[in-house]
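First comes the structure, then the notes that go with it.
2 protein chains.
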Amino acid sequence: MLQFELKKKENNARRGTLHTAHGDIQTPTFMPVGTCATVKGMLPENVASTGAEIILGNTYHLMLRPTAERVARLGGLHKFMNWPKPILTDSGGFQVMSLSKIRKITEDGCTFQSHLDGSKHHLTPERSIEIQHLLDSNITMVLDECMPYPSEKKDVKKSMERSMRWAQRSKDAFTDRDGYGIFGIVQGGVFPDLRKQSCEALTDIGFDGYAVGGLAVGEGQKLMFETLDVTTPLLPENKPRYLMGVGRPSDIVGSVARGIDMFDCVMPTRSGRNALAFTREGTVNLRNACHMDDLSPLDSQCSCPACTKYSRAYLHHLFKAGEMLGAILLTWHNIQYYEDLMKEIRLSLEESRFEDFANAFFEKNAGLKRPL
Amino acid sequence: MLQFELKKKENNARRGTLHTAHGDIQTPTFMPVGTCATVKGMLPENVASTGAEIILGNTYHLMLRPTAERVARLGGLHKFMNWPKPILTDSGGFQVMSLSKIRKITEDGCTFQSHLDGSKHHLTPERSIEIQHLLDSNITMVLDECMPYPSEKKDVKKSMERSMRWAQRSKDAFTDRDGYGIFGIVQGGVFPDLRKQSCEALTDIGFDGYAVGGLAVGEGQKLMFETLDVTTPLLPENKPRYLMGVGRPSDIVGSVARGIDMFDCVMPTRSGRNALAFTREGTVNLRNACHMDDLSPLDSQCSCPACTKYSRAYLHHLFKAGEMLGAILLTWHNIQYYEDLMKEIRLSLEESRFEDFANAFFEKNAGLKRPL
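In structure tokens:
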């Protein structure tokens with residue numbers, strides 16, 4: 001059971017607090033991705049120093065290595081990776097479909113081959129919930145199937161309906177505990193009637209929170225926002241809503257405006273490893289030769305070490321020389337940027353000026369301009 | 001001009017303080033290697049937190065990228081890499097010979113091709129000193145030639161004699177400033193008479209410190225110690241002595257016993273990136289499956305984050321999963337181990353019990369047992 005306090009609303013945007021056994025999460029929140037029991041290139045205390053209050057772990061990766069049973073024997077994921085704050089785990093379904101060689105999906109679950117060693121595994125809703133329990137995840141996700149975009153409506157419908165049956169089985173398999181919860185996942189692609197059907201199925205079952213899945217798979221920001229517009233109003237107001245795998249800063253601002261409370265994305269970490277920085281003046285590629293002699297900071301308004309202690313020239317040098325410190329510093333910066341953005345969003349909600357903030361944000365990020 | 005205070009002696013072992021424009025260095029000292037303007041995988045403040053008071057930068061790498069002139073324009077190496085403490089730079093000679101395609105060595109200097117892009121460069125004693133000046137190095141090394149082991153005595157002699165002429169040219173090219181100095185480098189392979197000749201040539205010129213070069217190139221610990229035994233007594237007592245590129249912990253303890261004050265080596269950093277840890281109980285390879293379920297710390301007496309916040313099982317997992325954090329944590333640990341060792345050496349010297357410490361150290365590290 002997870003307690004969620006909805007503290008304030010501004011149109012559809014929400015400011016809340018989610019209470020877990022490992023601490024509170026102020027929403028809207030962004031969860032850095034810690035796929036293999038580490039946010040790549042960062043010490044957990046540095047992740048926390050950015051303001052991050054919850055991270056995401058990947059069931060698919062962890063079930064293969066070091067295995068859920070081993071993590072449980074070693075005291076759970078929080079202790080294993082020295083992250084005492086809340087953890088959300090996905091169900092493994094998305095990575096089974098994107099990373100592994102799938103052998104078969106049936107009503108029972110999916111059979112796949114590990115991308116690591118080719119070993120054969122079977123993942124059912126019940127096993128996914130068991131794994132997440134063994135990991136000691138604060139927020140467990142139901143096993144679902146995520147359809148590619150574009151897909152035929154009849155295929156999306158069939159898949160969504162099976163995912164709803166899996167959601168029921170996931171809920172049934174979940175052991176409820178104080179400060180732990182399970183989220184359902186709305187599917188249905190970009191089809192409003194299927195999304196509606198999915199919302200109804202999930203709310204009938206009843207979850208601690210509701211995720212919107214199957215977006216950010218190539219449909220584009222406009223269609224994503226339109227899908228949210230017809231989805232979030234159908235979800236219970238007193239439960240947190242999580243948009244999975246999203247996204248760019250403008251995606252986040254626009255989705256908060258549409259009533260989303262939680263986000264995760266590999267973008268800040270993966271971009272950081274690839275010399276791409278998010279800044280208040282837009283994205284910056286530090287490999288570009290224009291930074292070679294630039295003594296100015298990456299982002300003069302940012303408090304992270306990359307911005308306060310080094311020049312763009314030095315960061316450029318690190319990436320040109322293939323030095324690990326480049327990835328370390330830029331990952332840190334990008335997470336700081338995302339967490340600062342969430343903090344600004346929360347503050348503007350508290351001060352009832354989120355709409356102004358969001359409009360100014362889209363105005364400034366001209367290339368990303370989209371109707372709110 | 002560098003001031004060196006020799007504070008205490010125990011037989012040939014020495015406890016001192018070297019004063020530089022960027023702070024004091026307590027000797028015996030170990031210098032972590034920061035080849036390309038970064039100690040690989042570490043933030044400089046974390047390097048400092050281990051007790052390191054000086055790092056080494058590589059002239060060869062920095063002259064090629066980002067170039068010495070660029071570092072100078074950007075405010076010098078300390079500012080560029082955010083390391084406000086002392087820096088020693090090598091002359092570039094060793095890497096020219098080990099990494100680049102040498103085109104020609106003449107009396108004037110050496111012509112070589114960059115290992116990065118094949119571009120042609122000419123390095124003379126004068127240019128090496130100029131580069132180190134541009135980098136703002138506190139301790140400049142003379143350009144020398146380092147002979148492979150084994151080499152014919154006549155070749156070692158010829159090379160050493162040229163290195164001594166280069167040492168004079170290096171000294172002549174050096175701009176003396178308060179808190180900055182230049183070290184000569186003793187060459188002569190494993191031949192006592194050549195080492196003697198080299199020591200005499202260098203002390204005739206007069207340097208702020210004296211390095212012993214051309215060791216740890218395959219001759220083995222016994223021959224290295226024997227060479228030190230006939231070299232350090234010939235060096236001025238009131239100047240620091242630096243054993244270049246050394247070494248294993250036992251090499252360091254044995255060399256301190258032979259009157260060496262300063263060390264550098266890639267071993268802690270390179271080993272760290274390769275899952276090999278130095279601990280008070282010997283070396284540990286964290287890739288080994290025996291660590292898979294081991295909840296114990298890497299080294300229970302170590303204060304670094306790898307040892308205080310994580311289990312061997314987690315460190316093993318990071319290396320198996322190819323996660324950057326494994327290299328980050330183990331590099332940190334290994335530097336902490338080396339700096340702790342130096343601290344123990346200094347303390348035992350202050351308390352006039354270094355010989356006991358050294359004997360106990362060799363006793364404990366059984367596989368490394370060598371006559372002191």
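Protein sequences, first through last, are from chains Y and C. Numbering-wise, this note's numbering puts 158 at position 158 of the first sequence, and it's gapless, one number per residue. Numbering-wise, this note's numbering puts 169 at position 169 of the second sequence, and it's gapless, one number per residue. All residues carry an ideal CB built from backbone N, CA and C; glycine is no exception. Every value quoted in this text rests on a predicted model; they were computed, and no experiment measured them.
Cβ-heavy atom distance, residue i to the ligand ZN, below 8 Å
i	result
ASN365 of chain C	Looking at this structure, you won't find the ligand ZN or any other ligand, since it has none at all.
Integer Cβ distance of residue i from residue j, believed to fall under 8 Å
i	j	result
ILE185 of chain C	GLY213 of chain C	4 Å
LEU135 of chain Y	VAL230 of chain Y	Actually they are not in contact, since the Cβ atoms of LEU135 of chain Y and VAL230 of chain Y sit about 34 Å apart, beyond 8 Å.
LEU116 of chain C	LEU143 of chain C	Going by Cβ atoms, the distance from LEU116 of chain C to LEU143 of chain C rounds to 20 Å, so no, they are not a contact pair.
MET324 of chain Y	GLY41 of chain C	4 Å
GLU355 of chain C	GLU130 of chain C	About 44 Å separates the two Cβ atoms, so there is no contact after all.
TYR210 of chain Y	LEU235 of chain Y	5 Å
Which of helix, strand or coil DSSP assigns to residue i
i	result
ASP193 of chain C	helix
PHE362 of chain Y	helix
VAL71 of chain Y	helix
TYR314 of chain Y	helix
ARG280 of chain C	coil
MET224 of chain C	helix
LEU372 of chain C	Residue confidence is low: LEU372 of chain C scores 46 on pLDDT, short of 50, so the model does not pin down where it sits. No coordinate-derived value is stated.
VAL253 of chain Y	helix
THR35 of chain Y	coil
CYS110 of chain C	strand
GLY247 of chain C	coil
LYS101 of chain C	strand
LYS8 of chain C	strand
ASN285 of chain Y	strand
GLY93 of chain Y	helix
ASP294 of chain C	coil
HIS333 of chain Y	helix
THR124 of chain Y	coil
THR50 of chain Y	coil
VAL230 of chain Y	helix
ASP356 of chain Y	helix
Cβ of residue i within 9 Å of any chain Y Cβ
i	result
THR231 of chain C	no
HIS22 of chain C	no
PRO70 of chain C	With the sequence shown as reference, residue 70 of chain C is identified as Arg, and Pro is not the correct amino acid for it. Chain Y contact via Cβ: present.
PHE362 of chain C	no
LEU43 of chain C	yes
Contacts of residue i in chain Y (Cβ-Cβ under 7 Å)
i	result
GLU323 of chain C	CYS36, THR38 and LYS40
Residue i at chain C interface by Cβ criterion, 9 Å
i	result
MET292 of chain Y	yes
GLY76 of chain Y	no
MET267 of chain Y	no
ASN82 of chain Y	yes
ARG127 of chain Y	no
LEU295 of chain Y	yes
ILE328 of chain Y	yes
PRO371 of chain Y	Low confidence applies here, because PRO371 of chain Y scores a pLDDT of 43, under 50, leaving its location unreliable and the question unanswered by this model.
Within chain C, partners of residue i - CB distance below 8 Å
i	result
PHE191 of chain Y	Within chain C, no residue comes near PHE191 of chain Y; the closest Cβ sits about 38 Å away, beyond 8 Å.
ARG73 of chain Y	ASP293
is_contact[residue i, chain A] using C-beta, thresh 9 Å
i	result
GLY23 of chain C	Here the protein chains are Y and C, and chain A is not one of them.
Subject >> Interfacial residues, the region 302-326 of chain Y to chain C, with Cβ spacing under 9 Å >> reply: PRO305, LYS309, TYR310, SER311, ALA313, TYR314, HIS316, HIS317, LEU318, LYS320, ALA321, GLY322, GLU323, MET324, LEU325 and GLY326
Original post:
Using a Cβ cut-off of 7 Å, which residues of the region 53-68 of chain C contact any Cβ in chain Y, in chain order?
Top reply: ARG65 and PRO66
Original post:
Taking Cβ-Cβ distances below 7 Å as the criterion, which residues of the region 4-29 of chain Y are in contact with chain C?
Top reply: none
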